[in-house]
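One structure is given below, encoded as structure tokens.
Residue numbers (the numbering used here), protein chains in the order written: chain A, 277 to 710; chain B, 277 to 710.
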């Protein structure tokens with residue numbers, strides 16, 4: 277962990293810049309996968325699955341039946357999944373637009389404009405396989421898509437070594453009423469959902485976390501005109517701590533982030549000299565008990581511990597960093613949280629660890645990384661909805677609006693735009709004088 | 277215009293597929309521009325401006341002073357701009373999230389989750405130059421950004437031949453209180469706002485229409501981790517018409533779309549044999565009066581006129597097409613509009629031409645194209661805002677949540693995630709028993 281004592285803002289600006297252009301070679305390979313899947317459909321998907329996952333699958337999808345999974349998941353885990361799902365549903369259902377958000381306003385007499393939200397028809401959900409079975413991502417993506425009202429929810433996840441689905445992922449899908457899953461991972465899964473194959477439906481929008489390849493594939497899908505939730509990069513947490521904070525909590529929070537992957541990042545901004553001095557020894561102590569020690573150690577090397585005497589400066593530092601997760605362990609943490617302008621999700625107070633939101637508090641864990649919290653929030657029910665505007669103009673409304681539109685259109689040298697109004701105004705005059 | 281009599285849905289699905297991968301060569305060139313601007317800053321921007329715009333500019337920005345532009349714009353145009361701006365403001369201010377959208381909910385005793393919207397700090401607005409001075413885009417982008425509460429609004433527009441800004445664009449900027457503009461266009465403008473140069477600030481999110489290069493540049497900005505409004509492709513309109521529709525209105529609406537550019541597209545879906553038979557002759561008649569005749573003719577060649585006997589089928593066809601603009605000229609147009617699931621903006625009834633929304637009705641004209649209306653809406657005040665979630669857990673809340681999070685984290689093989697909870701639960705027990 278790199279220690280910085282009262283660093284300058286300019287220096288931090290450069291240090292915190294996590295923007296990166298995709299590597300040209302990787303982009304080229306991903307685009308080639310897209311081209312092949314577009315051309316060869318299922319065959320291409322199966323072939324990539326053989327190559328990348330080392331599994332030969334005859335059928336790309338398997339049915340999800342509760343009886344296949346129910347007995348293979350511990351009772352306490354099933355209870356926890358239900359409990360978490362209920363919280364997630366309670367929190368996300370308030371994001372479904374109500375009457376205030378679907379509105380019509382008469383902006384002038386005879387000119388009514390409206391906006392309404394509608395569900396995206398088909399959503400594609402990517403569930404990572406890899407080192408750990410991320411059934412929590414199933415909850416975090418399927419529940420908002422269901423609340424939004426998506427008609428079709430297509431789920432893809434890489435096959436395990438037996439060409440099947442992890443039982444907890446299978447159970448969670450079954451619990452949510454999803455009746456089948458495609459055993460496809462990586463860029464080929466994203467390409468398949470972008471173009472559609474014989475077996476895998478094309479979707480309108482793709483959501484879900486994944487490794488660097490999946491993230492890049494989602495960006496390529498976006499280049500192709502498919503919606504995506506957000507480009508999720510390596511996970512990160514920032515911690516704001518004053519001298520009231522518990523050192524062991526901060527250390528544990530740093531480690532829970534650092535174990536995510538080799539490229540995870542942690543930032544601690546503190547006004548406490550004690551924490552500035554004692555945090556690294558405490559982390560080392562806790563680190564030794566962890567199975568993913570190496571990974572955690574590796575990502576801690578690229579992490580920062582910053583001391584500033586003033587809490588306002590510490591908040592400015594985390595706002596500049598724009599973290600995916602922000603933990604506030606200070607006095608009056610609720611008040612401090614109101615000063616936060618850039619963060620995906622904020623964990624307020626000592627009893628609110630990040631892992632609460634990763635699983636079960638109710639907020640979504642699909643959050644912006646790499647500084648993207650400055651321009652976007654995480655997944656909500658609205659991620660699976662879109663807006664549509666309407667306007668209805670009466671004859672009287674058009675009499676007022678028409679001449680102004682003609683004036684503006686002609687100033688933009690768009691004559692036919694004016695004509696579409698003129699031809700109607702002429703007809704209106706005809707109605708009056710004939 | 278291609279006439280199709282009761283085409284099959286499968287056929288239309290293929291016909292309507294407007295997804296396209298960016299051309300590799302163009303992508304490479306755009307990425308090279310980004311690299312050069314990143315490396316050489318202002319010098320690179322000036323050099324590209326010399327090459328692409330044929331203008332040598334010494335200062336990249338000019339101040340926007342009302343007195344420089346006020347006398348150069350006609351009174352009637354100024355009045356129309358004010359009138360339109362007021363409508364746009366009235367419509368968009370209802371999109372600024374109120375109390376219902378910024379909410380906190382206690383999902384379980386001791387576990388409170390919240391969501392709040394915040395403005396994006398800095399917004400970059402691209403205003404196209406080119407064949408017509410699009411001052412209407414200034415209204416459509418700056419007003420929502422101001423309502424959202426963006427602290428910094430950076431505007432870029434290509435210089436005219438004298439190295440200055442078009443007077444109407446200048447006037448509109450001044451009217452909205454924008455005090456300077458950067459005379460930079462094309463991919464170099466987007467690259468500059470992505471990375472920042474000595475003169476041009478880096479922004480959090482870039483919005484605005486543009487040609488194929490600007491659109492691709494915005495996508496490259498997105499690959500780099502900068503937010504964008506939406507990838508706007510060639511403009512398009514769909515028209516739903518039954519036998520109550522006025523043939524001359526439909527023809528004028530087709531032409532007002534077709535004059536946008538060589539790649540604009542028009543789709544007419546009608547249940548009227550009369551319209552199916554007579555529309556093309558009527559368009560030809562009106563076409564001859566237009567200055568942009570060639571352009572309109574060219575884009576009409578790639579356009580479709582579809583007959584189906586049943587209005588429901590016609591609506592399904594436009595939903596499948598997912599047009600940027602949809603004009604409904606049928607009986608009970610308001611009711612028909614409720615069946616629309618995919619469209620950027622809907623123009624309801626005979627007296628509501630598309631040009632109304634392009635300029636002055638109040639809705640935004642920055643809308644999804646190329647079928648993207650299936651996954652996103654157009655620009656709203658929320659385009660310039662982001663969400664942030666919060667959670668606050670009490671000691672009692674953590675006693676309930678904690679063990680479940682440990683169970684879930686360990687099932688995902690994320691031990692440290694569990695530890696961050698365990699260490700707190702231990703402390704709580706300590707508080708009780710010690």
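C-beta: ideal position from N, C-alpha, C; glycine also.
Note that the coordinates shown come from a computational prediction; the quantities given were computed from them, not determined experimentally.
Under 9 Å from the C-beta of residue i: neighbouring residues of chain A
| i | result |
| --- | --- |
| residue 640 of chain B | 665 |
| residue 681 of chain B | 356, 360, 629, 631, 632, 634, 635, 636, 637 |
| residue 538 of chain B | Simply none; closest approach about 14 Å. |
Outcome for residue i when other beta-carbon atoms lying within 10 angstroms are tallied against a minimum of 16
| i | result |
| --- | --- |
| residue 420 of chain B | buried |
| residue 351 of chain A | exposed |
| residue 335 of chain A | exposed |
| residue 301 of chain B | exposed |
| residue 310 of chain A | buried |
| residue 709 of chain B | Confidence at residue 709 of chain B is low in this model, with a pLDDT of 45, below 50, so the placement of that residue is unreliable and no value is reported for it. |
| residue 428 of chain A | exposed |
| residue 459 of chain B | buried |
| residue 535 of chain A | buried |
| residue 391 of chain B | buried |
| residue 282 of chain B | exposed |
| residue 662 of chain A | buried |
| residue 341 of chain A | exposed |
Whole-angstrom distance between residue j and residue i, CA atom to CA atom
| i | j | result |
| --- | --- | --- |
| residue 533 of chain B | residue 433 of chain A | 43 Å |
| residue 369 of chain B | residue 361 of chain B | 12 Å |
| residue 698 of chain A | residue 621 of chain B | 21 Å |
| residue 549 of chain A | residue 339 of chain A | 57 Å |
| residue 278 of chain B | residue 577 of chain B | 7 Å |
| residue 296 of chain B | residue 583 of chain A | 49 Å |
| residue 703 of chain A | residue 449 of chain B | 36 Å |
| residue 412 of chain A | residue 634 of chain A | 8 Å |
| residue 570 of chain B | residue 641 of chain A | 52 Å |
| residue 706 of chain B | residue 700 of chain B | 10 Å |
| residue 597 of chain B | residue 647 of chain B | 6 Å |
| residue 528 of chain B | residue 288 of chain A | 57 Å |
| residue 430 of chain B | residue 418 of chain B | 10 Å |
| residue 486 of chain B | residue 675 of chain A | 31 Å |
| residue 643 of chain B | residue 651 of chain B | 12 Å |
| residue 372 of chain B | residue 396 of chain B | 13 Å |
Under 8 Å from the C-beta of residue i: neighbouring residues of chain A
| i | result |
| --- | --- |
| residue 648 of chain B | 501, 503 |
| residue 691 of chain B | 535, 566, 567, 568 |
| residue 412 of chain B | 684, 688 |
Inter-residue CB distance, residue i and residue j (contact presumed, cutoff 8 Å)
| i | j | result |
| --- | --- | --- |
| residue 567 of chain A | residue 691 of chain B | 6 Å |
| residue 594 of chain B | residue 394 of chain A | Contact flag wrong, Cβ pair sits at about 14 Å. |
| residue 688 of chain B | residue 410 of chain A | 6 Å |
| residue 445 of chain B | residue 476 of chain B | Contact flag wrong, Cβ pair sits at about 18 Å. |
| residue 628 of chain A | residue 520 of chain A | About 14 Å separates the two Cβ atoms, so there is no contact after all. |
| residue 493 of chain B | residue 457 of chain B | Not confirmed; about 18 Å, so no contact. |
| residue 464 of chain B | residue 313 of chain B | 6 Å |
| residue 680 of chain B | residue 359 of chain A | 5 Å |
| residue 364 of chain B | residue 638 of chain B | 5 Å |
Minimum C-alpha distance to residue i - residue among the options
| i | options | result |
| --- | --- | --- |
| residue 388 of chain A | B/636, B/683, B/694 | B/636 |
| residue 348 of chain B | B/443, B/677, B/586, B/459 | B/443 |
| residue 452 of chain B | B/674, B/415, B/590 | B/415 |
| residue 580 of chain A | A/555, A/496, A/652 | A/555 |
| residue 558 of chain B | B/540, B/541, B/530, B/537 | B/530 |
| residue 669 of chain B | B/660, B/383, B/631 | B/383 |
| residue 515 of chain A | A/508, A/604, A/600 | A/604 |
| residue 653 of chain B | A/490, A/480, A/367, A/430 | A/480 |
| residue 545 of chain B | B/675, B/562, B/526, B/538 | B/526 |
| residue 561 of chain B | B/524, B/551, B/590 | B/524 |
| residue 377 of chain B | B/686, B/665, B/316, B/683 | B/665 |
Closer than 9 Å at the beta carbon, the chain B residues around residue i
| i | result |
| --- | --- |
| residue 669 of chain A | 623, 624, 625, 627, 628, 629, 632, 637 |
Partner residues on chain A for residue i, Cβ-Cβ distance less than 7 Å
| i | result |
| --- | --- |
| residue 599 of chain B | Here the premise fails: no neighbours, minimum Cβ distance about 11 Å. |
| residue 700 of chain B | 525, 627, 629 |
7 Å Cβ cut-off: residues of chain B touching residue i
| i | result |
| --- | --- |
| residue 409 of chain A | 688 |
| residue 653 of chain A | 662, 663, 664 |
Amino acids of chain D, ordered along the chain, whose beta-carbon sits closer than 9 Å to that of residue i
| i | result |
| --- | --- |
| residue 316 of chain B | Of the protein chains in this structure, namely A and B, none is chain D. |
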